[in-house]
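K.L.:
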Amino acid sequence: MTFRERARDSVGLLRQWGLAGGRDMVATTRDSFVSVEGRAGVAVFVGLWALGRCQAGPWAVWGPELGGEIVPDVHMGYAGEAVGAQVLLLGIHILLGAAWGVAAKNAGGFMARVWPRFSVYRLKPWIGGVLSGVAILAGHGILLIRDVARHPALFQETFLDRGGWMAAIQRAALLPETAPWTAVGTVAVAFWMVLAAGEWGVRFFRWWMNFPRPTRLATMVLGGALVAFAAGVWGVGRIQAQRNAGPNLLLISVDGWRTSMSETTGDVSALKKKGQGPRVRSSTVAPSADLSPSLATALSGLSPGTHGIRHDFVSADDRLRGVETLPDLLKKGGWTTVLLADGPSGFIDRMAGRFEHRHVASSHAGVRMGRRLVERSPHILPYLSGRWGRRLGLRGSVLMADPALLADEVDHVLGGLKNRPKFFLWVHFSSPNSTCAVVSPRAAGRLGLANDPFFRRPGRGFDPSPLTVTDENVLRRFYAQSLRETHAAIRRIFEDLARRRMDTSTAVVAWSPRAALLSSDDLDRVRRLDGPAFEGLPFFVWEGALPMEIGGGRTEGPGRAMDVAPTAARLVGVDTPSVWEGVSMTEGLPSGEWGAISIESSDPTDPVAHGLGLPSPWEILVEDRAWPGRYCRNPAWEDPFLIFRNRSVRLGSERVLYRPGLQRVDWSFDSVSVPTTGTPWVLARAHKERIKELKDIFFRTLARDSGWRPQNDYWIPESFLREMPLEPGEDERTRRRMPRF
12 MTFRERARDS
22 VGLLRQWGLA
32 GGRDMVATTR
42 DSFVSVEGRA
52 GVAVFVGLWA
62 LGRCQAGPWA
72 VWGPELGGEI
82 VPDVHMGYAG
92 EAVGAQVLLL
102 GIHILLGAAW
112 GVAAKNAGGF
122 MARVWPRFSV
132 YRLKPWIGGV
142 LSGVAILAGH
152 GILLIRDVAR
162 HPALFQETFL
172 DRGGWMAAIQ
182 RAALLPETAP
192 WTAVGTVAVA
202 FWMVLAAGEW
212 GVRFFRWWMN
222 FPRPTRLATM
232 VLGGALVAFA
242 AGVWGVGRIQ
252 AQRNAGPNLL
262 LISVDGWRTS
272 MSETTGDVSA
282 LKKKGQGPRV
292 RSSTVAPSAD
302 LSPSLATALS
312 GLSPGTHGIR
322 HDFVSADDRL
332 RGVETLPDLL
342 KKGGWTTVLL
352 ADGPSGFIDR
362 MAGRFEHRHV
372 ASSHAGVRMG
382 RRLVERSPHI
392 LPYLSGRWGR
402 RLGLRGSVLM
412 ADPALLADEV
422 DHVLGGLKNR
432 PKFFLWVHFS
442 SPNSTCAVVS
452 PRAAGRLGLA
462 NDPFFRRPGR
472 GFDPSPLTVT
482 DENVLRRFYA
492 QSLRETHAAI
502 RRIFEDLARR
512 RMDTSTAVVA
522 WSPRAALLSS
532 DDLDRVRRLD
542 GPAFEGLPFF
552 VWEGALPMEI
562 GGGRTEGPGR
572 AMDVAPTAAR
582 LVGVDTPSVW
592 EGVSMTEGLP
602 SGEWGAISIE
612 SSDPTDPVAH
622 GLGLPSPWEI
632 LVEDRAWPGR
642 YCRNPAWEDP
652 FLIFRNRSVR
662 LGSERVLYRP
672 GLQRVDWSFD
682 SVSVPTTGTP
692 WVLARAHKER
702 IKELKDIFFR
712 TLARDSGWRP
722 QNDYWIPESF
732 LREMPLEPGE
742 DERTRRRMPR
752 F
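Take 12 as the starting number for the sequence shown in our numbering and just add one per residue.
Written out as structure tokens, the structure is:
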């Protein structure tokens with residue numbers, strides 16, 4: 012027999028052994044699934060699915076503050092209560108039950124090998140099934156209680172909101188006395204899995220030993236050679252791979268960050284690299300209290316009037332088309348661009364297409380409602396609430412936002428970026444924002460029962476009612492705990508940069524697009540375009556050793572959100588486009604009216620007090636035809652809502668506020684610099700002249716918004732001055748509600 016024939020026969024024999032071993036493995040696995048233990052596990056989890064349906068209760072209507080764009084009737088045509096979605100959830104429960112049953116059977120088999128006297132196979136099948144079901148229920152219960160204690164906010168809707176014995180389960184899980192018992196149970200479950208792994212190991216060893224010795228030896232030699240070859244190729248690739256030289260840019264945005272809380276959470280200057288504090292410490296003013304306009308302004312270097320995103324409910328095709336944003340600019344310059352974001356944001360999802368690599372939450376209705384279904388399935392959550400869930404796409408839920416997990420992802424991404432010449436990484440934290448999710452999972456666990464643990468902002472969705480003193484105190488405590496977790500996550504990012512020796516070649520910009528609202532006074536000042544929602548947003552720069560030396564730090568004077576992108580571009584030595592309106596904050600605001608800070612309200616404020624016929628901002632949302640399941644502002648109402656917004660322009664210490672009403676415009680002026688000495692009529696004249704100058708600056712600032720012009724102290728779009736035909740489906744009664752000029 013020739014060598015070729017012997018080799019062919021050996022391969023054929025190996026193939027037969029492999030097929031026989033594979034058939035045996037499939038057969039034993041099938042036997043495990045249909046065994047008494049497997050059937051018991053399936054029965055237990057089918058019962059838990061039915062119980063979970065009862066625990067979930069009616070859908071909680073979460074508005075834009077608690078979920079991005081979920082409005083009352085989104086779930087009607089989607090997965091909310093659809094039969095198909097529940098069948099899918101039932102299938103997942105069945106698979107989980109079968110997996111527990113397989114683990115129980117293998118653990119029992121290993122115990123029978125080691126301790127034959129305690130073998131469950133000596134019992135009657137129905138007794139073994141009952142014992143297996145009880146053990147599976149207890150093991151799952153231990154994991155459930157453990158996860159409830161670690162992530163109590165996740166389980167609020169399915170336990171605390173339902174009250175009774177369901178709420179008692181979560182309260183018991185948060186008691187300090189429960190923790191030791193949970194730890195013991197966790198060790199028991201881990202020991203159970205070790206026994207199951209031991210049985211799997213024995214089976215694999217027996218399967219392997221069925222091969223003859225020459226075959227085993229040849230396989231090990233060949234496998235070792237392949238591993239050594241792969242290791243050699245990997246080593247050569249590592250040696251010859253490019254090394255990161257920079258300059259790199261890391262942009263950290265924290266939704267809800269406000270400097271005024273730094274005293275209770277540790278001053279932000281403690282976020283250091285190699286013991287060096289920020290070289291620039293300043294503040295920015297948000298252009299709007301909404302998240303989307305602020306983020307769009309920061310990334311584009313343009314004001315909302317120019318880039319066109321004025322609120323959170325923009326249409327699907329409104330994606331800053333034709334505008335070169337910061338990621339576009341750097342990607343064109345050779346930077347590897349990466350986006351990591353936590354929490355829900357339709358704007359971030361749409362912006363993700365401008366990055367080469369992104370890990371963000373999809374805002375598609377089907378995906379969004381799928382996340383809500385998982386949140387409302389308490390017996391699936393313990394297996395998906397951590398890293399595995401995020402890998403499967405469970406990102407974007409306001410209750411699953413976790414700064415610690417996001418820092419882990421940043422660490423992993425930095426490991427890949429160290430072999431890229433230069434990179435731009437944008438990391439967006441959403442957890443401290445008290446108008447969204449009020450606590451991170453770890454912070455919620457620390458708070459425990461101290462606040463009668465309800466971990467959402469008081470009210471459901473858009474709630475205009477004032478906050479009580481108790482609510483305000485709760486929000487402040489929750490916010491402080493959340494901010495501590497976010498500070499710890501940012502410190503970890505700095506440590507990861509230093510550990511990979513990329514800290515000196517990376518500029519870090521930390522910024523907040525809006526501040527958290529923690530009191531009724533904060534909400535009132537939002538209506539006046541004043542207060543912490545727009546002011547006191549921290550801005551910090553750690554510049555490393557980059558080409559552009561920025562000199563000493565600037566600690567006074569405000570900046571603008573549209574100055575964030577020019578500042579970041581300057582740090583890495585990139586020239587900004589001439590169309591950008593912002594400037595680098597390392598140089599300070601330009602003098603004169605080009606240094607004016609413009610703010611506009613998200614929606615008309617106090618429409619009843621002003622006699623306006625405008626509906627609620629949430630009553631005019633319509634389904635976006637280009638993106639089914641996603642809601643946008645009704646275009647027929649866009650112009651009225653733009654007209655009747657409050658607007659403010661600040662110039663140094665001076666501020667002019669424009670408040671339109673149905674019949675007139677109210678103007679107010681703050682901190683106007685006028686002479687303090689002289690006759691009364693001279694002072695009055697100087698005051699009047701300065702007011703006129705500020706109003707001129709105000710109108711010239713708004714004149715940059717194309718298609719608008721002043722008329723009788725109103726700032727009116729040209730299209731609104733013309734006769735507007737009825738929109739399809741719009742009746743005359745609706746038209747009469749719209750303001751006319």
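From the three backbone atoms N, C-alpha and C, an ideal C-beta is built for every residue, glycine too.
Reducing DSSP to helix, strand and coil, say where Ile608 ends up.
P.N.:
strand
K.L.:
Helix, strand or coil for Asn221 per DSSP?
P.N.:
Shown here, Asn221 sits in coil according to DSSP, grouped into three states, outside any helix or strand.
K.L.:
Can you find the residues in the same chain that come closer than 6 Å, C-beta to C-beta, to Gly108, ignoring five residues on each side of it along the sequence?
P.N.:
Gly52, Val53, Val55 and Phe56
K.L.:
Let me know the secondary structure DSSP gives Pro298 once reduced to three states.
P.N.:
coil
K.L.:
For Gln167, which of helix, strand or coil comes out of DSSP?
P.N.:
coil
K.L.:
If we ignore side chains and look at the alpha-carbon of each, how far apart do His439 and Leu350 end up?
P.N.:
8 Å
K.L.:
Looking at Leu436 and Tyr490, is the spacing between their C-beta atoms short of 8 Å?
P.N.:
no
K.L.:
Using a threshold of 8 Å, state whether the C-beta atoms of Ala521 and Pro258 are closer than that.
P.N.:
Result no, Cβ atoms of Ala521 and Pro258 do not sit closer than 8 Å.
K.L.:
Could you tell me if Ala579 is buried or exposed, where buried requires 16 or more neighbouring beta carbons within 10 angstroms of its beta carbon?
P.N.:
buried
K.L.:
Look up Ile250 in the DSSP assignment and give the residues it is bridged to.
P.N.:
Note: Ile250 sits in no beta bridge, so no partner.
K.L.:
Considering only the alpha carbon of each residue, which of Ala123, Arg670 and Met411 lies closest to Glu210?
P.N.:
Ala123
K.L.:
Can you tell which of Thr481, Ala242, Ala500 and Thr348 has its C-alpha closest to the C-alpha of Glu420?
P.N.:
The shortest C-alpha separation from Glu420 is found at Ala500.
K.L.:
Just how far apart, CA to CA, sit Arg402 and Phe655?
P.N.:
44 Å
K.L.:
Pull up the CB-CB distance for Ser388 and Leu705, whole angstroms please, since I reckon it's below 8 Å.
P.N.:
Contact doesn't hold; Cβ gap of about 57 Å is too wide.
K.L.:
Does the Cβ-Cβ distance between Gly547 and Thr270 come in under 8 Å?
P.N.:
By the CB criterion at 8 Å, Gly547 and Thr270 fall inside the cutoff.
K.L.:
Going by the beta-carbon positions, is the gap between Trp111 and Gly150 smaller than 8 Å?
P.N.:
yes
K.L.:
Can you pull the DSSP bridge partners for Ala499?
P.N.:
Per DSSP, none; premise fails for Ala499.
K.L.:
What's the call for Val198, buried or exposed, on a 16-neighbour Cβ count within 10 Å?
P.N.:
exposed
K.L.:
Between Pro569 and Val296, which are expected to be in contact by the criterion C-beta below 8 Å, what is the C-beta distance as a whole number of angstroms?
P.N.:
5 Å
K.L.:
Mind checking whether Pro298 and Ser314 have CB atoms under 8 Å apart?
P.N.:
yes
K.L.:
Given this structure, state the Cα-to-Cα distance separating Thr336 from Gly364, to the nearest angstrom.
P.N.:
12 Å
K.L.:
How would you write the range of the beta strand (DSSP E) that His368 sits in, first residue to last?
P.N.:
It spans His368 to His370 - the beta strand (DSSP E) in which His368 sits, taken as one unbroken run.
K.L.:
For the stretch 640–678, which segments carrying the beta strand (DSSP E) assignment without a break, of at least 3 residues, lie completely within its bounds, in sequence order?
P.N.:
642–644, 658–662 and 665–671
K.L.:
With distances taken between CB atoms, is the gap from Ser493 to Ala454 smaller than 8 Å?
P.N.:
yes
K.L.:
Between which two residues does the alpha helix (DSSP H) harbouring Ser143 extend?
P.N.:
Pro136 to Arg161
K.L.:
Kindly identify the DSSP beta-bridge partner or partners of Thr3.
P.N.:
A question about residue 3 goes unanswered here, because the residues of the chain that appear run from 12 up to 752.
K.L.:
Give me the DSSP bridge partner(s) of Pro721.
P.N.:
Trp726
K.L.:
Confirm, please, whether the CB-CB distance from Ser612 to Leu540 is below 8 Å.
P.N.:
Cβ distance < 8 Å, so Leu540 and Ser612 count as in contact.
K.L.:
Mind checking which residues open and close the alpha helix (DSSP H) that includes Pro338?
P.N.:
Leu337 to Lys343
K.L.:
Measure the alpha-carbon distance for Leu59 versus Ala67 and round it to whole angstroms.
P.N.:
12 Å
K.L.:
Please say whether Leu428 and Thr347 have beta carbons closer to each other than 8 Å?
P.N.:
yes
K.L.:
Taking the DSSP output, what are the residues bridged to Phe436?
P.N.:
Residue identity differs from the one stated: residue 436 is Leu in this sequence, not Phe. BP columns for Leu436 point to Leu261 and Val349.
K.L.:
From Ile610, Pro626, Ser516 and Leu653, pick the residue whose C-alpha is nearest to that of Leu668; which is it?
P.N.:
Ile610
K.L.:
Thinking C-beta only, is Ile708 closer than 8 Å to Glu592?
P.N.:
no
K.L.:
Do Pro443 and Ala527 have their CB atoms nearer than 8 Å?
P.N.:
yes
K.L.:
Could you tell me the alpha carbon to alpha carbon distance between Arg511 and Lys433, rounded to whole angstroms?
P.N.:
The alpha-carbon separation between Arg511 and Lys433 amounts to approximately 14 Å.
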